[in-house]
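In the UniProt record's numbering, the protein residues as written are 1 to 153. C-beta: ideal position from N, C-alpha, C; glycine also. Take a look at the structure below.
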Amino acid sequence: MKSPVPLARAFKYALRMIILAQFFRASKRGTYHIDDAVHLAEFISSRPKDSQMHDVVEAESVETNLSPKEAESLLYLSGYIVRSVIKKNKLCDICTIALKGTEETKGRLLALKNYVEGKQSLCVPSGPVSTLLREAEGYFRGSEKELMEGSVT
1 MKSPVPLARA FKYALRMIIL AQFFRASKRG TYHIDDAVHL AEFISSRPKD SQMHDVVEAE
61 SVETNLSPKE AESLLYLSGY IVRSVIKKNK LCDICTIALK GTEETKGRLL ALKNYVEGKQ
121 SLCVPSGPVS TLLREAEGYF RGSEKELMEG SVT
């Protein structure tokens with residue numbers, strides 16, 4: 001399925017073709033004047049500048065004292081991530097077992113969201129996956145301001 005939003009490179013190539021087409025022949029129906037060729041040629045031949053080196057900012061972890069509702073939501077999101085990873089990648093049985101948890105570890109939200117009676121249709125993340133994503137949540141919360149400013153790489 002093709003995205004309606006073009007990538008930057010596709011946009012630049014399309015713009016380049018439109019600009020160059022105007023130099024081959026002027027539009028008879030258009031209401032624009034022929035643009036200054038020097039500026040357009042400079043734009044077309046321009047190369048992106050090397051990104052400036054930013055100071056490396058270390059991400060800080062915050063002790064995550066999640067409320068029970070937040071913990072349930074994070075567990076639900078973790079299950080979605082685990083299911084997506086398993087679905088999109090061909091994993092061996094050992095890796096699948098390492099990612100998936102047991103039904104005993106599922107939370108109340110997962111039980112409520114499971115619409116299929118008698119069957120566990122939602123994925124339950126394993127303990128290590130839950131711990132990893134809880135730590136990631138701590139880093140995101142600790143570096144929220146820097147992430148919004150784009151200074152954390």
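Residue i lies in the alpha helix (DSSP H); which residues open and close that run?
i    : result
V5   : Note, V5: premise wrong, no alpha helix (DSSP H); not H, not E.
G79  : P68 to K88
Y139 : G127 to G142
C95  : D93 to L99
R108 : R108 to K113
Are the CB atoms of residue i and residue j nearer to each other than 7 Å?
i    : j    : result
L99  : L110 : no
P125 : G101 : yes
L96  : I81  : The sequence given here places Thr at residue 96; Leu does not occur at that position. No. Outside cutoff.
Taking the straight line between their C-alpha atoms, what separation do you get for residue i and residue j?
i           : j    : result
S84         : A21  : 45 Å
Y76         : A14  : 42 Å
S46         : F11  : 15 Å
M148        : T64  : 19 Å
R16         : F43  : 9 Å
G79         : I19  : 49 Å
T131        : F140 : 14 Å
Y115        : R108 : 13 Å
residue 204 : E70  : Residue coverage of the chain in this structure runs from 1 to 153, which leaves residue 204 outside it and unanswerable.
C92         : V129 : 17 Å
P68         : A41  : 59 Å
K2          : K113 : 32 Å
Spatial neighbours of residue i within its chain, please: C-beta separation below 7 Å, excluding the five flanking residues on both sides.
i   : result
I94 : none
By Cβ distance, which residues of its chain are closer than 8 Å to residue i, with the 5 residues on each side in sequence left out?
i           : result
residue 166 : Residue 166 lies beyond the range of the chain shown here (1 to 153); nothing can be said about it.
P6          : A14
N89         : none
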